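Numbering (full-length UniProt numbering) for the sequence shown: 1 to 632.
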Amino acid sequence: MPVARPESSDSRVIAHVDMDCFYVQVEQRKQPNLRGQPTAVVQYNNWKGGGLIAVGYEARKFGVKRSMRGDEAKEVCPQIHLVQVPVNRGKADLTVYRNAGSEVVSVLSKKGRCERASIDEVYLDLTEAAERMLAETPLERLEAINEEALKSHILGLEMDGVDVKENVRNWLVRPDADRRDKLLACGALLVAELRLQVLEETQFTCSAGIAHNKVEYTILYFISLHLCPTENKCLSISLFLGFKQILAKLASGMNKPSQQTVVPSSSVTKLLQNFPIKKMKQLGGKLGTSIQTDLAVETVGDLLQFPESKLQELYGVNTGTWLWNIARGISGDEVEERLLPKSHGAGKTFPGCSALRSIPAVENWLKELSEELSERLQSDLVKNKRIAQSLTVHASAYKSSDNDSHKKFPSKSGPLRYGTAKILEDAILLFQAGLREYLGSHNLKTSGAHDGWGITGLSVSASKIVAIPSGTRSISNYFQTQDNNDVSAKETNERFDLAGAATSFHSESEIYTEVHFTEPDESPKKEKEGSHALRKCGLVDSGTQTQQASQASIFYETEPTLARSMSQQDGFAQETKPSSSGARACSNADYNESEHSFHSGEFEHNIPKEPKTSTSKQKGRILSNEALTPEC
1 MPVARPESSD SRVIAHVDMD CFYVQVEQRK QPNLRGQPTA VVQYNNWKGG
51 GLIAVGYEAR KFGVKRSMRG DEAKEVCPQI HLVQVPVNRG KADLTVYRNA
101 GSEVVSVLSK KGRCERASID EVYLDLTEAA ERMLAETPLE RLEAINEEAL
151 KSHILGLEMD GVDVKENVRN WLVRPDADRR DKLLACGALL VAELRLQVLE
201 ETQFTCSAGI AHNKVEYTIL YFISLHLCPT ENKCLSISLF LGFKQILAKL
251 ASGMNKPSQQ TVVPSSSVTK LLQNFPIKKM KQLGGKLGTS IQTDLAVETV
301 GDLLQFPESK LQELYGVNTG TWLWNIARGI SGDEVEERLL PKSHGAGKTF
351 PGCSALRSIP AVENWLKELS EELSERLQSD LVKNKRIAQS LTVHASAYKS
401 SDNDSHKKFP SKSGPLRYGT AKILEDAILL FQAGLREYLG SHNLKTSGAH
451 DGWGITGLSV SASKIVAIPS GTRSISNYFQ TQDNNDVSAK ETNERFDLAG
501 AATSFHSESE IYTEVHFTEP DESPKKEKEG SHALRKCGLV DSGTQTQQAS
551 QASIFYETEP TLARSMSQQD GFAQETKPSS SGARACSNAD YNESEHSFHS
601 GEFEHNIPKE PKTSTSKQKG RILSNEALTP EC
């Protein structure tokens, strides 16, 4: 558990930038005739016009919602333009959106430390730039203030009166403001300037929030989703207007994108009063439940009644101090400079009647996903000189008699070997290991009675990415020594050049977490660790190496009874359509435009669950790039 650093938490200037309805904006830039027209982006599955995964503001005015199908949207808004997501390998291809997001990042990173949170979200640490601005030009002496900055929403500022902009101006240039608020005011001016630069250079609008740390964004995002009468996720940052009593006064701004909000530290405590403990970062799991039970509390604000010593006594020094700090809106979480993802991945969901019910069907899709993952890994290797060391297979499933079975398919990880054929071979073995455990958890390990099963989600991901140490042989030589199934360096470069693959950010399961792009430490220890990783991936000759089992039939050899049953029944079930429980599991899913993932139930955006200690599982969910298909 991280320990907050109170001495630095409230003196920083952290901005969170979120693109407004990004998919729609990208399509409107490609087709300028769509600007100002009701527009929505739909999944490649055209059943009933396809599911809407992004809805432009013009279409929302007619009542079009992201939960609709294309045909339903046309009934509500006959003039709507439906644009299909690009398709590759039978699934949506997000490359055009990832590359567009990279354009935005290149602009934002000019002003401060930049942490890419998702395909359309970025954290910025503007502390140094704000301090420099404050030192060079005292705010009270500013004569001209950017018009965009004057549109800012200041959380807690009285917005009554005729001239709202004048109220904002007065807050920004207050001579009696403390240093913290002056830094936030500088942050507001800097972000307004950056947003204009993004618009000028990319033609995209974005919204932003400016605060002292990341805690406020978790809280405000939750409030925007649960207290605001709108389903517009894209307005989440625009709606960083805070608490209930403020929302009514600012209702006129809810449907306007391209806004920014400042969160002074004096307003944070008020936000925390009603913020659920289980929605706070790292309190969504067992720790949060324990706190609720032990202390009889429900909100983060409830923790204010307990002294730090009591919290330390119950939960340890580090965790106790951390809890005491977050109850006061204090966080030491820093913006980590990273523009490259920690992991790459490819995934697809199979809701409703599209659920996979046979081993061959699963292996066919593992082949497609392995090819996509291999291309991204090779691109990362060539462009960024990085290699991944771990391969993970995620899956979700359902059983007709168990409503929760789709949540219990275990993820399996193992060493990653480069090359499509090797990735596929290992992915099949990992899936089979997960399947054995999954069926065993339902007492079906040896019975072979698996009627009613279906795989509803499947993904492969590569993680533990490290930079290639100096002294490594050339990448060209590496590709030339791969199996016949692998491509040469020349073919790889040509493929990515033709595809226009600039740095590929955020695949369906890319995670923008800890990545270092400085040159590797030249110490013997680091060199040894890097070389060991390269040998495991096949980048360095290592003499005789232990090879993994190459026969996919190992699963059938291990479970002969189940194998015979699968052979006879050709898969998990002979049903022509899924059970009601399986369909219900799919229908409860929700598409998250920013993270491009499916999840069920409550809000999960950028609120990671309590860290797990197991190294065999990753934090990621089954991730996909398509909206859901109703049951047949």
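Using N, Cα and C, we set each Cβ at its ideal position, and we do this for glycine too. These figures come from a predicted structure and were not determined experimentally.
CB of residue i within 9 Å of CB of residue j, strictly
{"i": "Cys-77", "j": "Ala-92", "result": "no"}
{"i": "Val-85", "j": "Val-55", "result": "no"}
{"i": "Ile-468", "j": "Ile-359", "result": "no"}
{"i": "Lys-61", "j": "Pro-38", "result": "yes"}
{"i": "Lys-437", "j": "Pro-410", "result": "It is worth fixing the name first, because residue 437 is Glu in this sequence and not Lys. For Glu-437 and Pro-410, yes; Cβs fall inside 9 Å."}
{"i": "Glu-131", "j": "Leu-183", "result": "yes"}
{"i": "His-16", "j": "Ala-211", "result": "yes"}
{"i": "Asn-146", "j": "Leu-94", "result": "no"}
{"i": "Ala-346", "j": "Ser-459", "result": "yes"}
{"i": "Lys-408", "j": "Trp-453", "result": "no"}
Alpha-carbon to alpha-carbon, residue j and residue i
{"i": "Ser-331", "j": "Ala-296", "result": "24 Å"}
{"i": "Lys-310", "j": "Glu-201", "result": "53 Å"}
{"i": "Ser-265", "j": "Asp-20", "result": "26 Å"}
{"i": "Gln-292", "j": "Thr-269", "result": "19 Å"}
{"i": "Glu-604", "j": "Arg-141", "result": "Reliability fails at Glu-604, whose pLDDT of 31 lies under 50, so the model's placement of it is uncertain and no value is given."}
{"i": "Gly-187", "j": "Gln-389", "result": "39 Å"}
{"i": "Phe-204", "j": "Ser-109", "result": "16 Å"}
{"i": "Lys-165", "j": "Ala-40", "result": "33 Å"}
{"i": "Gln-79", "j": "Lys-111", "result": "41 Å"}
{"i": "Thr-261", "j": "Glu-121", "result": "16 Å"}
{"i": "Arg-179", "j": "Gly-316", "result": "34 Å"}
{"i": "Ile-428", "j": "Glu-363", "result": "7 Å"}
{"i": "Arg-12", "j": "Ile-326", "result": "16 Å"}
{"i": "Leu-139", "j": "Pro-257", "result": "27 Å"}
{"i": "Ile-119", "j": "Asp-71", "result": "28 Å"}
{"i": "Leu-303", "j": "Asn-318", "result": "16 Å"}
{"i": "Ser-29", "j": "Ala-73", "result": "Note on identity: in this sequence residue 29 is Arg, with Ser being the wrong assignment. Taking the straight line joining both Cα atoms gives about 22 Å."}
{"i": "Leu-323", "j": "Ile-14", "result": "21 Å"}
{"i": "Ile-113", "j": "Glu-337", "result": "The question names Ile, but residue 113 in the sequence shown is Arg. Roughly 5 Å separates the two Cα atoms."}
{"i": "Asp-18", "j": "Leu-416", "result": "34 Å"}
Buried versus exposed call for residue i [16 or more other C-beta atoms within 10 Å across all chains shown]
{"i": "Gln-273", "result": "exposed"}
{"i": "Gly-36", "result": "exposed"}
{"i": "Pro-611", "result": "Note that Pro-611 scores 35 on pLDDT, short of 50, meaning its location in the model is unreliable; the coordinates nonetheless yield the value given after this. Exposed: under 16 other Cβ atoms inside 10 Å."}
{"i": "Lys-412", "result": "buried"}
{"i": "Gly-63", "result": "exposed"}
{"i": "Thr-456", "result": "buried"}
{"i": "Thr-349", "result": "buried"}
{"i": "Ala-144", "result": "exposed"}
{"i": "Glu-128", "result": "exposed"}
{"i": "Gly-440", "result": "exposed"}
{"i": "Glu-313", "result": "exposed"}
{"i": "Gln-31", "result": "exposed"}
{"i": "Lys-281", "result": "buried"}
{"i": "residue 697", "result": "Outside the displayed span of the chain (1 to 632) sits residue 697, for which this structure offers no information."}
{"i": "Lys-158", "result": "For the record, residue 158 in the displayed sequence is Glu; it is not Lys. Answer is exposed; the Cβ neighbour count stays below 16."}
{"i": "Asn-45", "result": "buried"}
{"i": "Asn-213", "result": "buried"}
{"i": "Leu-241", "result": "Residue confidence is low: Leu-241 scores 30 on pLDDT, short of 50, so the model does not pin down where it sits. Its coordinate-derived value is still stated next. Counting Cβ neighbours within 10 Å, Leu-241 comes out buried, since at least 16 surround it."}
{"i": "Asp-294", "result": "exposed"}
{"i": "Pro-351", "result": "buried"}
Boundaries (first-last residue) of the alpha helix (DSSP H) holding residue i
{"i": "Cys-186", "result": "179 to 202"}
{"i": "Pro-360", "result": "359 to 384"}
{"i": "Met-133", "result": "127 to 136"}
{"i": "Leu-108", "result": "95 to 108"}
{"i": "Thr-321", "result": "317 to 326"}
{"i": "Gly-288", "result": "286 to 295"}
{"i": "Leu-430", "result": "420 to 440"}
DSSP bridge partner residues for residue i (one or two, in chain order)
{"i": "Ala-54", "result": "Val-41"}
{"i": "Arg-84", "result": "Reading the sequence as shown, one finds Gln at residue 84 and not Arg. Answer is Val-42."}
{"i": "Gln-351", "result": "Inspection of the sequence shows that residue 351 is occupied by Pro rather than by Gln. Pro-351 pairs with nothing; no bridge assigned."}
{"i": "Trp-453", "result": "Lys-399"}
{"i": "Ala-467", "result": "Arg-386"}
{"i": "Gly-209", "result": "His-16, Thr-261"}
{"i": "Leu-356", "result": "Ile-455"}
{"i": "Ala-462", "result": "His-344, Leu-391"}
{"i": "Pro-276", "result": "Thr-299"}
{"i": "Ile-154", "result": "Val-262"}
{"i": "Arg-69", "result": "Gly-51"}
N-terminal and C-terminal residue of the beta strand (DSSP E) that residue i is part of
{"i": "Tyr-398", "result": "390 to 399"}
{"i": "Lys-412", "result": "412 to 415"}
The ligand HEM heavy atom lying under 8 Å from the CB of residue i
{"i": "Ser-411", "result": "Absent from the structure shown: the ligand HEM. Ligands present: none."}
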